[in-house]
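J.: Handing you a structure now.
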């Protein structure tokens, strides 16, 4: 029994060393980490999505979601709102509160870009 406590101390020290070396405690991203994009929640109403487009495009250049733009297709409100909301989110510094949009936005760490539509990342 006396030997088990002597063996436990080196294991404890080694485990602590690994924990501290690996970064230790998890850090919350809050959308400010590398690779954060803001997209519209698919469950959002069309009315809210249109409001989000109008609001975001009042501050950023939304030429990518107009006819002929690289993100025009698919021509859906959720797609256009996602692109516009992300442009706004990036411009404002990728703070989690800049992706709220009346609780209709969500931050993703997976790049939502597709085909020729490249989601901005500033």
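Residue numbers (mature numbering (1 follows the signal peptide of the UniProt record, and there is no 0)): -31 to -1, 1 to 91. Every residue gets a Cβ at the ideal spot worked out from N, C-alpha and C, and that includes glycine.
1) Please determine if the segment 80 to 90 and the segment 22 to 42 are in contact, where contact requires at least 3 C-beta pairs separated by less than 8 Å.
2) With DSSP as the reference, label residue 77 as helix, strand or coil.
3) For residue 22 and residue 53, what's the separation of their Cα atoms in angstroms?
4) For residue 24, which three-state DSSP category applies?
5) Compute the minimum distance between the beta carbon of residue 84 and the heavy atoms of the ligand ADP, and state whether it is under 6 Å.
6) Express the C-alpha separation of residue 50 and residue 80 in angstroms, rounding to a whole number.
7) Tell whether a beta-carbon distance below 7 Å holds between residue 25 and residue 57.
8) Which of the three DSSP states is assigned to residue 83 in this structure?
9) Given a cut-off of 7 Å on the beta-carbon distance, is the pair residue 73 and residue 10 in contact?
10) Distance, Cα to Cα, residue 28 vs residue 91?
11) Straight-line CA distance for residue 16 to residue 34?
12) In terms of residue numbering, what span does the beta strand (DSSP E) encompassing residue 8 cover?
T.: Let me lay it out:
1) yes
2) strand
3) 6 Å
4) helix
5) You won't find the ligand ADP in this model; it holds no ligand whatsoever.
6) 16 Å
7) yes
8) strand
9) yes
10) 15 Å
11) 17 Å
12) 6 to 9
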